[in-house]
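Quick notes on the structure that follows.
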Amino acid sequence: MKRRDFLTGTAVTAATFTLAGRAFAQWSPRGPITAVVPYGAGGGTDTIARALVGAIGDALPVPVVVVNQAGSSGMVGAISVANGRADGNTILITSAGSFVLNSVMRDLEVDPIDDFVPIAQIGDLTTSLMVPANSPFQSVDDLVAAAQANPGSLRWAHTGRGSFHHVAGEGFLRALGLTAVDVPFDGGGATRAAVIGGQVDFGMIGIQQVAGFEAELRPLALVSEGRDPSAPDVPTFPELGFDVPIITSPIVIFAPAGTPADALATLGDAVATAAASPAFAELMANGNNTPAYLNSADTLAKLTQLRDDARGILDAQG
Numbered sequence: 000m001k002r003r004d005f006l007t008g009t010a011v012t013a014a015t016f017t018l019a020g021r022a023f024a025q026w027s028p029r030g031p032i033t034a035v036v037p038y039g040a041g042g043g044t045d046t047i048a049r050a051l052v053g054a055i056g057d058a059l060p061v062p063v064v065v066v067n068q069a070g071s072s073g074m075v076g077a078i079s080v081a082n083g084r085a086d087g088n089t090i091l092i093t094s095a096g097s098f099v100l101n102s103v104m105r106d107l108e109v110d111p112i113d114d115f116v117p118i119a120q121i122g123d124l125t126t127s128l129m130v131p132a133n134s135p136f137q138s139v140d141d142l143v144a145a146a147q148a149n150p151g152s153l154r155w156a157h158t159g160r161g162s163f164h165h166v167a168g169e170g171f172l173r174a175l176g177l178t179a180v181d182v183p184f185d186g187g188g189a190t191r192a193a194v195i196g197g198q199v200d201f202g203m204i205g206i207q208q209v210a211g212f213e214a215e216l217r218p219l220a221l222v223s224e225g226r227d228p229s230a231p232d233v234p235t236f237p238e239l240g241f242d243v244p245i246i247t248s249p250i251v252i253f254a255p256a257g258t259p260a261d262a263l264a265t266l267g268d269a270v271a272t273a274a275a276s277p278a279f280a281e282l283m284a285n286g287n288n289t290p291a292y293l294n295s296a297d298t299l300a301k302l303t304q305l306r307d308d309a310r311g312i313l314d315a316q317g
């Protein structure tokens, strides 16, 4: 990991900057803050990032500008932020579940835990199996029957190999002994368009992607233990009797390792204020999302647990 080699001893841990928050309240950014979203516009991560930016308002003395840098399942944007100036003026808002899963499955140029400091979690994405509205598959049973009858004949879309949507989709297929051709796209918006356009037979995309496209998409099941408040009519896989791995992805704001403690504290306070605001709740609801705030230390603990659990699964598979 490139940044770790020269940042050892200078990186501030999540716990440190949380405790130091009040002592370092005077930090001021040198200009507008760039929030890099490493996926295309219109996807679940992008929608949540823009909700936060819309709510952060007076919590910071400068505006926050979302910049989309899609590519390589979120790695293009992550590398850009990790290798940039660690001064608080550039942050990363990403699907941390995808980032952590990628780091476990392959050797990345940057690591979500070693090369970044989590500022906060602001949301938690779930994925769902969706088909075009005119699909012949009216249920998961219909789709499973077709896949079993003609192995490898179905095509399915996701937001990039190694993304949590991809892992959730593979988990569904493997749990049922199915084979299908996966087709990766950059971001939820592009994946949704592929499903609507019939380029694929089904997609694994965030449940919030159905908002505004109810006439063009039909969600069949949610990869979750419980139904989503934004789509209460969509059943979960467990409800339907399918024992599939439950994979979700926290949406996390990161700063590069080495970012000064006063900058981290100020950003953390601003995010906490925005995340608790009625404006954020309203903007999240408009995008069919639900706020799910965790502070820096709790976010770090969650990501570390996710990484350790994923390693255990992979080790068990040999």
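Each residue of the sequence shown is one higher than the one before, starting from 0 at the first, in numbering that gives the first Met the number 0. We treat Cβ as the ideally placed atom computed from N, Cα and C, and that holds for glycine. Because the structure is a prediction, the values reported are computed rather than measured.
- The straight-line gap separating the alpha-carbon atoms of ALA271 and ARG49 is approximately 15 Å.
- At the C-beta level, VAL80 and VAL36 stay beyond 7 Å of one another.
- Here THR46 has GLN207, GLY286, ASN288 as same chain residues with Cβ atoms under 7 Å from its own Cβ, once five neighbours each way along the sequence are excluded.
- In the DSSP secondary-structure assignment, GLN120 is bridged to VAL251, LEU293.
- Excluding the 5 residues flanking it on each side, ALA262 has same chain C-beta neighbours closer than 6 Å at TRP26, GLY87, in chain order.
- Put simply, the region 234-247 touches the region 166-182. At least three CB pairs are less than 8 Å apart.
- In the structure shown, PRO183 adopts extended strand secondary structure according to DSSP, grouped into three states.
- If you draw a 10 Å sphere on the C-beta of ARG191, you find 16 or more other C-beta atoms in it, and that means buried.
- Under the DSSP definition of a beta bridge, ASN67 partners with VAL36.
- Nearest C-alpha to PRO183 among PRO277, PRO135, GLY202: GLY202.
- Apart from the 5 residues on each side of it in sequence, LEU216 sits with its Cβ closer than 8 Å to the Cβ of MET129, VAL130, PRO131, ALA132, ARG191, VAL194, ILE195, GLN208, VAL209 in its chain, given in chain order.
- Per the C-alpha coordinates, the member of ALA264, VAL143, LEU305 positioned closest to ALA119 is ALA264.
- When rounded, the separation of the alpha-carbon atoms in PRO31 and VAL52 is 12 Å.
- Below 8 Å, too few C-beta pairs join the region 89-105 and the region 228-242 to call them touching: fewer than three.
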